[in-house]
Amino acid sequence: MRQVPQYLIIGNGRVARHLCHYFSSPEIHLPCRHWHRALPEAQLRDWKKEATHILLAISDGAIEPFCDAHLKDTPAVKVHFSGSLVTDRACGAHPLMTFGTALYPAEKYPAIPFLIDDNAPDFAALLPGLPNPHARLPRVQKAKYHALCVMAGNFSCILWQNLFSFLESDLGLPPETAHMYLQQQTENLKADPRRALTGPLVRGDDATIARNIASLAGSPFQDVYKAFVAAWRQGNRQNNSTHERKKIS
Ligand SMILES: NC(=O)c1ccc[n+]([C@@H]2O[C@H](COP(=O)([O-])OP(=O)(O)OC[C@H]3O[C@@H](n4cnc5c(N)ncnc54)[C@H](OP(=O)(O)O)[C@@H]3O)[C@@H](O)[C@H]2O)c1
20 MRQVPQYLII GNGRVARHLC HYFSSPEIHL PCRHWHRALP EAQLRDWKKE ATHILLAISD
80 GAIEPFCDAH LKDTPAVKVH FSGSLVTDRA CGAHPLMTFG TALYPAEKYP AIPFLIDDNA
140 PDFAALLPGL PNPHARLPRV QKAKYHALCV MAGNFSCILW QNLFSFLESD LGLPPETAHM
200 YLQQQTENLK ADPRRALTGP LVRGDDATIA RNIASLAGSP FQDVYKAFVA AWRQGNRQNN
260 STHERKKIS
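Numbering (this note's numbering), first residue to last: 20 to 268.
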């Protein structure tokens, strides 16, 4: 018979709160304790003795110092959730998801994919009891993987926030005015990522691009726009030349 895991979740931020919520959901219901640094250290000392799995849901920079200070004497499996940190103190299991302050409905959590370090134990040993989809992530690719995740998820969020706030403050329109655009762009990306881009770049409409850039004079987003145009054109050239090479060979 398999050993029932005893989880100990460390931290009291966004990921820790989502994990506690997930672990206590009726579908999963895994034995789980929750410690954060506002609680007495004596509590941590007691609980870590009984833990089979310690989940470090704390800031990236705190993971190694915390392991060194508190977890050297425990044989429990240690897991961290950073998408970029590579360390021998704990195995990485990056949930490819965004966790804000609001919790999600219980049915969402089991579908979140985890990308686990290529040298980590099997998923069933790393996070026993969790049915989530998972894949291996080569540690040498972790930094680049995370940079791309940050750009895709976080940077696009900044761009949408920028549009919402312009609509609201400069045009007196509710941010919801752009919700259908956001929704459809997301759906198009999911349905056909290679053809999801529309607008002046794909149309080769240089006059509109020049007007867009001029309109952003004085805004830090003017350089963002220019950088995107340059990056997209370079990426497009590279794609086209790969395509040409493929046609020739
Ligand atoms: N949020 C996301 O969308 C997301 C997605 C994927 C992966 N992750 C990863 O998940 C981990 C946690 O991220 P988060 O978003 O939950 O961060 P967060 O909301 O900023 O919370 C960080 C937590 O770490 C605790 N902490 C910081 N330094 C500590 C120390 N020296 N000792 C003990 N606790 C310490 C903080 O404690 P206090 O509350 O006492 O300050 C806080 O509870 C990170 O590795 C992050 O890269 C996050």
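Each residue gets a CB set at the ideal place from its N, CA and C atoms; glycine is no exception.
This one's a predicted model, so the numbers in the text were calculated from it and none came from an experiment.
Three-state class that DSSP yields for residue i in the structure shown
i, result
"K97", "strand"
"P132", "coil"
"L149", "coil"
"R252", "helix"
"P219", "helix"
"G111", "strand"
"L63", "helix"
"H40", "helix"
"I29", "strand"
"M20", "A caution first: M20 carries a pLDDT of 46, below 50, which makes its placement in the model too unreliable to give a value."
"S103", "coil"
"A154", "strand"
"G237", "coil"
"H48", "coil"
"F19", "In the structure as shown, the chain starts at 20 and stops at 268, and residue 19 therefore has no counterpart that could be examined."
"D87", "helix"
"L182", "helix"
"F142", "helix"
"Y123", "coil"
"A247", "According to the sequence as given, residue 247 is Phe; it is not Ala. Correct three-state label for F247: helix."
"D92", "coil"
"D137", "coil"
Nearest-angstrom Cα separation, counted from residue j out to residue i
i, j, result
"P194", "E187", "6 Å"
"M20", "C110", "Here the model assigns M20 a pLDDT of 46, short of 50, so the residue's position is not dependable, and the following value carries that caveat. M20 and C110: Cα-Cα distance of roughly 25 Å."
"H99", "Y200", "36 Å"
"P129", "H165", "22 Å"
"L145", "V96", "7 Å"
"D225", "D242", "17 Å"
"E46", "P239", "47 Å"
"N255", "A139", "36 Å"
"T217", "Q62", "56 Å"
"A35", "F142", "19 Å"
"T93", "R64", "10 Å"
"L122", "L208", "25 Å"
"S43", "A125", "9 Å"
"T120", "R33", "6 Å"
"I135", "K91", "22 Å"
"D79", "D87", "14 Å"
"V169", "Q180", "15 Å"
"A210", "Q202", "12 Å"
Cβ-Cβ separation, residue j to residue i (assumed contact under 8 Å), whole Å
i, j, result
"F133", "P150", "Wrong, their Cβ atoms sit about 11 Å apart, outside the cutoff."
"Q25", "P50", "5 Å"
"G30", "L58", "About 11 Å separates the two Cβ atoms, so there is no contact after all."
"I28", "H53", "5 Å"
"V105", "K163", "Not quite, the Cβ-Cβ distance comes to about 12 Å (not below 8 Å), so this is no contact."
"L156", "D137", "6 Å"
"H37", "F118", "5 Å"
"P219", "I228", "5 Å"
First through last residue of the alpha helix (DSSP H) which encompasses residue i
i, result
"L190", "No alpha helix (DSSP H) contains L190, which DSSP labels as neither H nor E."
"I228", "225-234"
"L74", "Run containing L74: none in the alpha helix (DSSP H); it sits in the beta strand (DSSP E), 72-75."
"H55", "No alpha helix (DSSP H) holds H55; DSSP gives it neither H nor E."
"K163", "161-168"
"T205", "198-210"
Any chain B beta carbon closer than 7 Å to residue i
i, result
"K67", "Of the protein chains in the structure, only one exists, and it is not chain B."
| task | Could you tell me whether the segment 62-69 touches the segment 77-84, using the rule of 3 or more Cβ pairs below 8 Å? | result | Taking a contact to require three or more Cβ pairs closer than 8 Å, the segment 62-69 and the segment 77-84 do not qualify as touching.
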